[in-house]
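First comes the structure, then the notes that go with it.
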Amino acid sequence: MGNWKISKIINTKTRKQDNFIDKMSFKQDGVFEAGKGDLVQSGTWSFDENQNLITLNVGQQDAHYKILKLSKTKLVIENFESKIYLKK
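Take the sequence shown: its position 29, counting from 1, is numbered 13 in the working numbering, and each next residue is one higher.
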């Protein structure tokens, strides 16, 4: 899925914008990286086409995101905590 820059993250509980990460990349080998500046966290990602979900795993924690929009230049994913808008 490639490298994506986060344009905004909305906390779905408070409806306010969060800025805890600003970039995210999904690599072909199933590794993802996300972070801000020099602080980058990595883990694995998987896609469930039947449920239209991306699962990010870091250590023992999974985060499931529903894909709301996916095009060549835009990706919007959402879970119970946040809605993340990304662009190429």
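Heads up, the beta-carbon is just placed ideally off N, CA and C, and yes, glycines get one too. Since the model is a prediction, treat every value here as computed from it, not as a measurement.
Check, Outcome
"Between V60 and L52, is the Cβ-Cβ spacing less than 7 Å?", "yes"
"In three-state DSSP terms, what is T28?", "strand"
"Taking C-beta to C-beta, are K58 and K50 nearer than 7 Å?", "no"
"Among K(-11), I(-6), K(-3), S26, which residue has its Cα nearest to the Cα of Q44?", "S26"
"Can you check which of these residues, E62, I(-10), K11, K67, is closest to G21 by C-alpha distance?", "I(-10)"
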